[in-house]
Each structure stands twice: as C-alpha cells, then as structure tokens.
Ligand code: HDE
C-alpha cells in the first residue's frame, strides 16, 4: 500500500502517510533501510546492519530516538525540492527581470539555497578536530554481573551497537592524518540502558593531572596565536615551553615522542580509558577499573620520515585506510580488556590511581579480555554522523561510575558544554547519531531545534495528572556510588602526584633499543624546531631524571652541553618499577598476518608476468592489497609476450603508500630502470625498513639504486629477500613473514645511509 501511495505521488508530498500504519514505514525512495538496497547505494558496507543502524522502530516509539533508518535520505528517483518540499523547476538560473536584468528579491528559491550554504559550517572541535569514524558492535565474552551491572556486560554473546571516532588532537579539521600526535579513541555504546561513551586515547596516560590546566595545555600545543603556525604539530616553542615547566607531563611526553604517536593505522593502535573508573554491581559494590582496547591486527607504527612524507603523499592516509578496510570487508577489531582492582589494592600501589599521568602496569594487575569490538560499516554521511557525533565523558550508564581523578572530574563538565556551542543548543542528543537506542522520557522541554513532539499537558514531576509518569526508576536507575568523604575543601594535590619520573623511566626501559632510539630522535627533531635555548635545556633537565643516557643523547643531538637536572618536586623516595614488556609496541605483532598490508609490485616492459601473477595471487589469498606500480599507467609488454597492467604510477603512488615492495625479474629493463622516481621509491622502502622481495634480474635494480645487500655489520638483512624466481622455495614465505611482523628495523641507521 505504501509503495502504491508513493508511486501515485510524483513529489515528496507524504502528508497522507502521517496517518495509520503507513506512517510507521519510510516513504519508499525517500529513505532507505539496510535491507532494502537502492540504486544509489555507494558503499559496500552499507548493507551491514545492527540494532542502532537496523530497521524500523516498534509502533508507538519515537522514530527520532530509534535506529537511523528514519533519518537516512536517498534521492534516487526523486524530484529536486526546496527545504519546504516545493518542487524546483529550474536549479540553474536565478529569477531575473529580463534575461540580462537584475535578480529579484522575490527569488525565494535562490535565497533559500544560498542562505543554507552560508551556514553549512559549524565550529570544529576545539581539540580533536580532525577525525574519522565507523559503526560497529561490541560482543561480550562473558557475564560480568559479579562486578558490574552495565548493560553491555550482562551476558555472554550480548551485542551492543557502537559508533567509534578516531582523531588527532592538535590539527585543524583539514590537517594531515600522520602528524606526530596523540590519537583520540572515542567509543559510543548504544546500550539498552542508555548511551555510554568511553572517550579515550591511544596512550594510557595524559599530560596533566588537573582539569584546571587543560585550556593552557591546549593553547600551548595548538598553532601559536599570532601567526597560526605550525599546523598539527607540537614541534614549536609554545608547546615545549609549557611542558618544560610542567614536569608532570614527562611520562606522557615519552609516549608522545615514541612511535605510538605515528600509528600505521587506526586499526593498529591500542585504546585506553586513561582514568581509573569504577564498576558497580547490582548490589552496589564497587571496584576500580582501567579500560584497554587491544587491536587484533597488532600494534604497528610508521617511522617519522615516512609519516612526514605521507602528509604530502596522502593527508587522508588514516581516514582512507579505515574506510577501505571496512569497504573490503576486512573489519577492524579490538578486544576490550579490563584491569580490575579494589580500593584496598590501590592503596598499596606506589602511585595514586587518581593520577592520570600514571598507568597500572599489566604485570601488577593483569588485563582481562571481556569482549570484542568489530567495526563493519562506514558512515553514510561524514557531517551528519562523524562531525555531529557528540561524545561526553558524562555519558555513563548504571554499572559504570567515575572516580575522583581531578582530570576526569573536569571532563565530565567540558564535553556536554562544548557540544552546546559546537552543535548549537541543548538538544544535540536528538541528532540521529547521538540519539540513544534506549527510549528517552523526561520533562526537559523546548530549546533550539527540538525534534520530539511531546504530547499531553504535563511537563513536570511529581505529577498526578499524568499518573506520575515518567516516574523515577529508583534502584533500577543510575545511582552514584556513595563514596564516603569527609575532607576540607582545598586547592591542591596529594603528595604521590608530585613524583613525575619513575613511570616515565619504566616506560623508557621497557622499550626495545629501536623504540628507544626513535624516542631520542623525536625529542631531537621537536627541540630542533624550538628556537629558545632555555626551553630546550629545561626539557633535557627533566629527561635527566628519566634516563641520563637519553638526556645525553638528546643534548648531543642538539649540539648542547648537558644542562643541570630539573629540581625535584617530591621528597618521597622514587619508586622503582620493574620493566613492563607489555609497554613495547613489539609485544603485539597481531593475529591478522599480512592481511590489509599494501604491497607494491614494480612493473615495466620486459617483466616476468607469470611471476607477478603468482605473487599477486598469493598476496590476495592472504588478504594483502597488491598494486602494480610503474612509470606510466596502462599495459606493459611482459617478457615472453604477455602483458601486465600498471595500476598506478610512481608519481601518484610513491613509496610511503606501501608496506613493502616486490621487484620482479626484468624490472631492471627499460624506463623503470632509468627513472629517479624508481630509485627514490626503492630507497624510501629501504630507509623506512620495509620488506623487499626481488627475483631474477630484479636484484639488479636494487643494486642500481645502491641498496646495501647486507646489514652494516655484514650479516644478512632479514627484510631483503632475493631469489632466483618468484616461486623459489621459501622466498615468498620469508617475505610474508617479514611483512606480517614488525619491520626489519635491523637495517636502520641514524642518520640514514640512504
Ligand atoms: Fe578531551 N575534549 N578533554 N580528552 N577528548 C574534547 O570535546 C577536555 C582528555 C578526547 O571524537 C572536546 O566534543 C578537557 C583526556 C577525545 O569527538 C572537549 C580535558 C582524554 C576527544 C574536551 C580533556 C581526552 C576529546 C572537544 C581535561 C583521553 C574527541 C570536542 C580535563 C582519556 C572525541 C568535544 C570525538 C574531545 C575537553 C582531556 C580524549 C573540549 C577539559 C584525558 C578522544 O570537550
């Protein structure tokens, strides 16, 4: 019936659909549901469903607070209209007095179109402006009701829809993805007891201990206010001036200067809730908890020279990677881990669990895997979903509660507040991406852009005229954990907060030598950009307390003498933490092998087409992404008469876009061998420690590019596989092994040989 009705009506005149059963179904063609593919469906993952994404709300339920179908608009087969639904006859010409005359004020169609355009932009997020997001779901492994009544954890196998946004912090909305920066990792769980937002980062600690300092931190790292430079970079005087005067930032700085701050992919980084939270069970008993997201693909990073070049080659590198992985069905996954400990245990720790510059070592409290998150659908519309999603640390559900971490306490205020200015009013919870799956009933009314049409005369509680509804949930509702407190009202902090270096030392000592070298180099790079010598000296004065060798190496890199150590703020004995192997990126190679890794196969006239076909098939079979790269697009004449189609040119697809390179027999022939781009490509692959597989005369091309055949000490380079033929025994497997693990860093030198 609905379809027939729609067919009879040429325009969007859906007024009759307000009545009867038809009102509960989307007007055919004007909205689309995942089960109902439409001609204009543009993304492969559009068909993937979930409770949040899924189909129609039950009868009587406000469609605006239920799944997204009702909000999706598809204009396939539809006539162009104004925002009032009036069909537009001509979208190309304004209304003029004569063909060459002035435009009339009467042209409401022109004015509506231009006015709407004039207001298309909203303020970008003051921090975390650049980001990308995806839909998915969380699946619980087990029933956790003994420790928490939170809805996602009430039974094994329970599915909760999620929307996840990853971001950089400092850059503006159009900045580059691969800047050295902390990455945001914000998860909105649409639980059946309301929305729970776990608004975390990919680094488990933070720069500061108290919300009072956050505006200063953000001002210091953002572009300097007089000339708005530099974009998306902490490598400038203001940032280092601030942190050098804020020794509590030292631990975080070590993480930020590590390869954690230049991830290979959003899919290959951890996430952390950072603060200590509380879990509360139905009996009202509480334990402390730290949240961890561990990527199934393992933790992998870029190297700095590569990250810097990627900012030019593809500023959307992480955004594209996330989008393409989901479109290809290689759904990114993370395991959720909890570190659960009691208040009594916390009292025994050498650090204060309320201090967000400290982490709880996994060796002290193991991480218990409690579920898995899968991202399986890209947003339909970047603005409507990714830009308008509003994460708030205040969004907790029964079973999850706050602690007195003074940074967390300030965040509880900040996130709701910032949405009011960013999204233009207090009704941002009604924007479809923010609306909970759980129903919303209260007496909050009106405000800008109100969507819900509340019925009835009663908008207060208690009431008798509406039978007391909506009524208080009592024990069923959110009850704050009744933590007993009897203290003076003061500004200050506990003494353990004043110890700033012991965990920074633990982190540094837990890194592999390669990771340690990258940390030292990153300090050297950033401080080289700092113009004020006293700022450099103060930073190194802090590093002396972390590791004197690190401090000496950074000072040496800057051509300065070692300055005096910074004064210590704490008189307590410095704790000594054992090395924590879990803190090294190398601890998590991941379980997905070479899947989603991008491999360039260099090709030109005279290459071994059969060999290329074989490795191409083997790469595809393992889920990797091969690309045939050459001097110019199009068909190349292969050896023996076949042909190879070059998919992308060296110019458009430079080395940094690939995780590894294959150099077939015959690649040393013709134009490929003569170009500077080929040499640059191979040298960057080598410099960035990527696996290289050459067979036959392909090895000649490596020699022409001067790639060293062995490591500097004369031993074999584990990332350089040279074989007589594509199918030589063990050759491809050795290449795949080098590609699936971490990079063959053994060849790295500082400064680089090539
Ligand atoms: Fe945020 N932060 N933050 N932050 N934060 C924002 O909220 C703030 C902090 C984090 O993808 C803002 O909606 C204060 C820690 C993420 O949309 C704002 C303090 C952690 C995102 C804000 C902190 C984060 C934000 C800007 C110190 C890791 C992006 C736009 C008291 C645990 C979420 C917005 C998204 C965004 C304030 C510290 C993570 C202004 C005041 C610690 C992932 O409200």
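In UniProt numbering, the protein residues as written are 49 to 802. Think of the CB as a built atom: it goes at the ideal place given N, C-alpha and C, for glycine as much as any other residue. These numbers come from a predicted model, not from an experiment.
Check: residue i C-beta below 7 angstroms from any heavy atom of ligand 1
i, result
"residue 409", "no"
"residue 249", "yes"
"residue 152", "no"
"residue 466", "yes"
"residue 455", "yes"
"residue 213", "yes"
"residue 184", "no"
"residue 404", "yes"
"residue 469", "no"
"residue 664", "no"
"residue 328", "no"
"residue 297", "no"
"residue 450", "no"
"residue 587", "no"
"residue 314", "no"
"residue 173", "yes"
Rounded Cβ spacing between residue i and residue j (contact assumed at less than 8 angstroms)
i, j, result
"residue 551", "residue 299", "5 angstroms"
"residue 672", "residue 645", "5 angstroms"
"residue 519", "residue 631", "About 49 angstroms separates the two Cβ atoms, so there is no contact after all."
"residue 702", "residue 411", "Not quite, the Cβ-Cβ distance comes to about 42 angstroms (not below 8 angstroms), so this is no contact."
"residue 116", "residue 613", "With a Cβ gap of about 56 angstroms, residue 116 and residue 613 do not count as contacting."
"residue 404", "residue 455", "5 angstroms"
"residue 708", "residue 647", "5 angstroms"
"residue 692", "residue 676", "6 angstroms"
"residue 307", "residue 633", "6 angstroms"
"residue 383", "residue 413", "Not really, about 17 angstroms apart at Cβ, beyond 8 angstroms."
"residue 826", "residue 787", "This structure leaves residue 826 out entirely; the chain is present only between 49 and 802."
"residue 549", "residue 587", "Residue 549 to residue 587, Cβ: 13 angstroms. No contact."
Minimum C-alpha distance to residue i - residue among the options
i, options, result
"residue 563", "616, 629, 605", "629"
"residue 165", "323, 185, 131, 137", "131"
"residue 417", "187, 314, 579, 700", "187"
"residue 619", "360, 745, 570, 542", "542"
"residue 558", "605, 272, 635, 586", "635"
"residue 323", "573, 472, 400", "400"
"residue 260", "690, 294, 119", "294"
"residue 487", "496, 494, 495, 477", "477"
"residue 243", "650, 485, 742", "485"
"residue 397", "246, 145, 544", "544"
"residue 340", "356, 373, 361, 407", "407"
"residue 439", "215, 269, 529", "215"
"residue 402", "421, 256, 465, 273", "256"
Residue i to residue j span [Cα, whole Å]
i, j, result
"residue 668", "residue 490", "54 angstroms"
"residue 135", "residue 128", "6 angstroms"
"residue 806", "residue 249", "It is not possible to answer for residue 806, since the shown part of the chain is limited to 49 through 802."
"residue 725", "residue 354", "16 angstroms"
"residue 109", "residue 241", "Because residue 109 carries a pLDDT of 47, less than 50, the predicted location of this residue cannot be relied on, and the following value inherits that uncertainty. Distance between the alpha carbons of residue 109 and residue 241: 16 angstroms."
"residue 174", "residue 297", "21 angstroms"
"residue 111", "residue 161", "Low local confidence applies: a pLDDT of 45 at residue 111 is under 50, so the model's placement there is unreliable, and no value is given."
"residue 163", "residue 315", "40 angstroms"
"residue 642", "residue 670", "6 angstroms"
"residue 789", "residue 638", "8 angstroms"
"residue 369", "residue 313", "7 angstroms"
"residue 621", "residue 394", "19 angstroms"
"residue 222", "residue 745", "44 angstroms"
"residue 705", "residue 494", "50 angstroms"
"residue 428", "residue 371", "11 angstroms"
"residue 657", "residue 761", "36 angstroms"
"residue 419", "residue 470", "33 angstroms"
"residue 141", "residue 158", "9 angstroms"
Ligand 3 heavy atom lying under 7 angstroms from the CB of residue i
i, result
"residue 176", "Questions concerning ligand 3 fall outside what the structure shown contains, since the ligands it does hold are ligand 1."
Query raised in the report: Taking one C-beta from the segment 772-792 and one from the segment 675-690 each time, how about it: are there three or more such pairs within less than 8 angstroms?
Result: no
Query - Validate contact between the segment 166-183 and the segment 430-438 using beta carbons, cut 8 angstroms, 3 pairs - result: Because the criterion of three Cβ pairs below 8 angstroms is met, the segment 166-183 and the segment 430-438 touch.
Report task. Say whether the segment 325-335 touches the segment 519-530, bearing in mind that this needs 3 or more beta-carbon pairs closer than 8 angstroms, one atom from each stretch. Result -> Flag = yes, the segment 325-335 and the segment 519-530 touch.
Report task. Take every Cβ of the segment 436-455, pair it with every Cβ of the segment 135-146, and state whether three or more of those distances are shorter than 8 angstroms. Result -> no
Query raised in the report: Within the chosen definition, does the segment 209-225 reach the segment 251-261 through at least 3 CB pairs nearer than 8 angstroms?
Result: no
Query raised in the report: Is the segment 188-197 close to the segment 227-236, with three or more CB pairs under 8 angstroms?
Result: no
Query raised in the report: Given 8 angstroms as the limit, is there contact between the segment 530-539 and the segment 588-607, that is, 3 or more CB pairs closer than that?
Result: no
Requested in this report: Would you be able to state if there are at least three C-beta pairs under 8 angstroms between the segment 282-289 and the segment 572-585?
Outcome: yes
Query raised in the report: Are the segment 257-276 and the segment 581-588 in contact at 8 angstroms, needing three or more beta carbon pairs?
Result: no
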